[in-house]
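Position in the sequence shown (first residue = 1) + 272 = my numbering. Single-structure report; data block below.
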Amino acid sequence: MSQPLVRASSATIAPVSLLLLVDLDGVVYRGADPVPGVAAVLAARAAAGDDVVYVTNNSMHYRADYVTRLEAMGAPITPDTVVSSARATALYLTEQDRPIRRAFVLGAGGLEREIRDVGIEIVTAAYAATRMQQEGIDGAAAAGSVDAVVVGLDPNVTYLRLAAAADCIRAGARFIATNRDPIYPTERGLRPGAGSLVAAVEATSGVTPVSIGKPAPRLLEIAARAVGRRARDAIMIGDGILTDLAAANALGARCVFMLTGVSTRDQLRGLAAADQPVAVAQDAAELAAALETLAASDVAAAAPA
Ligand SMILES: [Mg+2]
273 MSQPLVRASS ATIAPVSLLL LVDLDGVVYR GADPVPGVAA VLAARAAAGD DVVYVTNNSM
333 HYRADYVTRL EAMGAPITPD TVVSSARATA LYLTEQDRPI RRAFVLGAGG LEREIRDVGI
393 EIVTAAYAAT RMQQEGIDGA AAAGSVDAVV VGLDPNVTYL RLAAAADCIR AGARFIATNR
453 DPIYPTERGL RPGAGSLVAA VEATSGVTPV SIGKPAPRLL EIAARAVGRR ARDAIMIGDG
513 ILTDLAAANA LGARCVFMLT GVSTRDQLRG LAAADQPVAV AQDAAELAAA LETLAASDVA
573 AAAPA
């Protein structure tokens with residue numbers, strides 16, 4: 273082993289790699305339109321060695337769907353670096369001490385596919401509801417034995433699908449929610465979010481679910497683990513006070529708060545000092561500058577005294 277000729281100084285230390293957990297809607301894009309410049313900022317950070325993982329409470333899409341869309345915007349992405357609440361829920365199901373082999377799923381096609389992908393057999397709410405109606409049986413009998421009931425946003429929800437979910441929970445299945453966002457904003461207005469369906473099943477069954485999505489810490493923890501890192505070391509880049517910022521604060525992670533989405537600077541002013549984000553950015557240029565500053569402070573913290 274040869275000794276290095278020059279002792280490492282702060283000038284020669286390898287840059288510290290940031291872990292960026294990036295919300296999608298309101299940060300990378302708004303509805304169908306990219307937020308100008310954000311994809312390029314993330315691409316530059318990834319090229320410099322940072323880990324970029326996307327985290328979204330949206331449970332309706334399969335992760336490959338995001339790859340196509342984000343690649344078209346120039347954002348750095350692979351199927352393993354987008355962790356939706358659907359994907360995180362599927363991974364959570366595989367981590368339980370009491371194994372979950374068969375799950376009842378009330379949700380969209382992307383959620384069903386993510387859960388199948390991890391090797392869990394699913395029974396759809398649509399299937400159970402059809403049997404209830406045709407055979408005059410209850411939801412637990414229609415679904416057969418299930419270890420868990422997963423509820424996300426089901427755009428085709430019906431009264432019997434909700435009834436079937438509650439029946440299975442009353443029969444002993446564990447209750448897991450992808451997220452509890454009460455509202456799902458769309459271009460045609462505010463629609464019920466997964467949380468509104470979860471609330472109906474909770475009220476009907478009398479059981480409170482484990483929730484995976486933001487502001488619960490699990491989505492960010494699972495996303496960080498996807499690249500072998502710890503969530504508390506992450507920088508959350510998000511536009512939601514009650515979701516992104518709250519989840520980061522719950523983990524002791526830093527948050528760069530974007531004003532490109534649903535929140536305003538005035539709303540941030542109402543928060544206690546301890547709950548404020550480490551930086552606020554109103555566009556891609558301010559995001560780039562904030563990340564530059566945070567990266568420099570991490571390098572300084574890692575340098576020998
Ligand atoms: Mg958002």
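The beta carbon of each residue, even a glycine, is placed where N, CA and C say it ideally should be.
- With respect to V423, A437 sits close: the two C-beta atoms are nearer than 9 Å.
- Judged by DSSP secondary structure, G510 falls within the beta strand (DSSP E) whose first and last residues are 506-510.
- Under the three-state reduction of DSSP, P457 is assigned to strand.
- Per DSSP, Y326 is one residue of the beta strand (DSSP E) stretching across 323-328.
- No Cβ-Cβ contact shorter than 9 Å links G512 with S477.
- The bridge partners DSSP lists for S331 come to none.
- A direct Cα-to-Cα measurement between P371 and G391 gives close to 12 Å.
- In the DSSP annotation of this structure, the continuous segment of the beta strand (DSSP E) that includes A375 starts and ends at 374-378.
- By the Cβ rule, the segment 498-518 counts as touching the segment 536-550, because three or more pairs are nearer than 8 Å.
- Using a C-beta cut-off of 8 Å, the segment 392-401 makes no contact with the segment 524-540, since fewer than three inter-stretch Cβ pairs fall below that distance.
- Around the beta carbon of R317, 16 or more other beta carbons lie within 10 angstroms, which makes this residue buried.
- Separation of V327 and A495 (C-alpha to C-alpha, rounded to the nearest whole angstrom) is 7 Å.
- Taken atom to atom, the span from the alpha-carbon of R385 to that of Y334 is near 7 Å.
- In the displayed model, E393 falls within a strand according to three-state DSSP.
- Between the beta-carbon of L563 and that of L290 there is about 7 Å, and that keeps the pair under the 8 Å contact cut.
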